[in-house]
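To keep things clear, I will list the structure first and then write my remarks on it.
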Ligand SMILES: Cc1ncc(COP(=O)(O)OP(=O)(O)O)c(N)n1
Ligand SMILES: Cc1ncsc1CCOP(=O)(O)O
Ligand SMILES: [Mg+2]
């Protein structure tokens, strides 16, 4: 039997403002059921799920996004797409995440309009200052805080950039990313982060729900 998910209360922007824990996952090809994994992570307290599967074929990406979209709707949480505005549009995603070398925000807005949220990766103070003030940007990320195998070749600006973002006192939501897990999360919180993005801390956990719950608790 198919069910129609209940309407999600709160605008996407309001739910982003309240978000604390953002998960990037691949499509888990050959590593278990994507829907079960997403349900567990969301039940544990993940607020946003991004499909980040570099090099995935478009048809496979859309199929995985349909699975994640259904899970996000079940839990009233946000679905994000990485890099591609056309895929975000086709998938009906809530969020598109763009790096410094990806589509310019204005070009993504021309495709997506104003309702889809757009996030930006920042690796330097100048990029953080720009993203904090740029029209059309809904949130930004600072990182990698620590070097990480999930973003090879990207130098880590470290906790200094987290402190810089915290010092701006911006109302724009921002997240720390890169090397954050249960052992390190207290360091980014001490540096001023209130929101985090993780990959391995949840995707490689034996119990994704418990991992998400513990990370949420560590955020205070
Ligand atoms: C939430 C979030 N933050 C940062 C990134 C990294 O984006 P980018 O620098 O474009 O690198 P890729 O992920 O595209 O390799 C992200 N995807 N999501
Ligand atoms: C996509 C991305 N951008 C900067 S670090 C990173 C990956 C973070 O992965 P992990 O949480 O496993 O260190
Ligand atoms: Mg990118």
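Residue numbers (UniProt numbering): 1 to 220. Glycine included, every Cβ here is placed at the ideal spot set by N, Cα and C.
Point to revise | Local conformation of residue 116 per DSSP, three classes | key: Three-state DSSP puts residue 116 in coil, outside helix and strand.
Check your understanding: Taking the Cβ atom as the reference point for each residue, do residue 170 and residue 132 lie within a distance shorter than 8 Å?
Key -> A distance below 8 Å separates the beta carbons of residue 170 and residue 132.
Review point. Would the region 27-38 and the region 187-200 be scored as touching if the rule is three or more Cβ pairs under 8 Å?
Key: Taking a contact to require three or more Cβ pairs closer than 8 Å, the region 27-38 and the region 187-200 do not qualify as touching.
Check your understanding: Residues bridged to residue 24 by DSSP?
Key -> Its beta-bridge partners are 50.
**Study point:** Rounded separation between residue 165 and residue 125 - CA only
**Key:** The alpha-carbon atoms of residue 165 and residue 125 are separated by roughly 8 Å.
**Study point:** Option in 208, 13, 168 and 167 with minimal Cα separation from residue 24
**Key:** The shortest Cα separation from residue 24 among 208, 13, 168 and 167 belongs to 208.
Check your understanding: What does a CB cutoff of less than 7 Å around residue 176 pick up in its chain, not counting 5 residues either side in sequence?
Key -> So the qualifying residues of the chain are 142, 143, 145, 162, 188, 193 and 196.
Point to revise | residue 41 versus residue 77: straight-line alpha-carbon distance, rounded | key: So the alpha carbons of these two residues sit roughly 11 Å apart.
**Study point:** For residue 186, the nearest candidate out of 203, 159 and 205 (CA to CA)
**Key:** Distances from the CA of residue 186 to each of 203, 159 and 205 were compared; the closest alpha carbon is that of 159.
Review point. What are the complete alpha helix (DSSP H) segments, minimum 4 residues, inside the region 110-192?
Key: Here the runs fully enclosed are 125-133, 159-168 and 185-190.
Exercise for review: Work out the CA separation of residue 110 and residue 29 for me, nearest whole Å.
Suggested key: Cα-Cα distance, rounded: 33 Å.
Practice item. Could you tell me which residues DSSP pairs with residue 35 in its beta bridges? Key: Looking at the DSSP output, residue 35 shares a beta bridge with no other residue.
Review point. By how many angstroms is the C-alpha of residue 49 removed from the C-alpha of residue 230?
Key: Only positions 1 to 220 of the chain appear in this structure, which leaves residue 230 out of reach.
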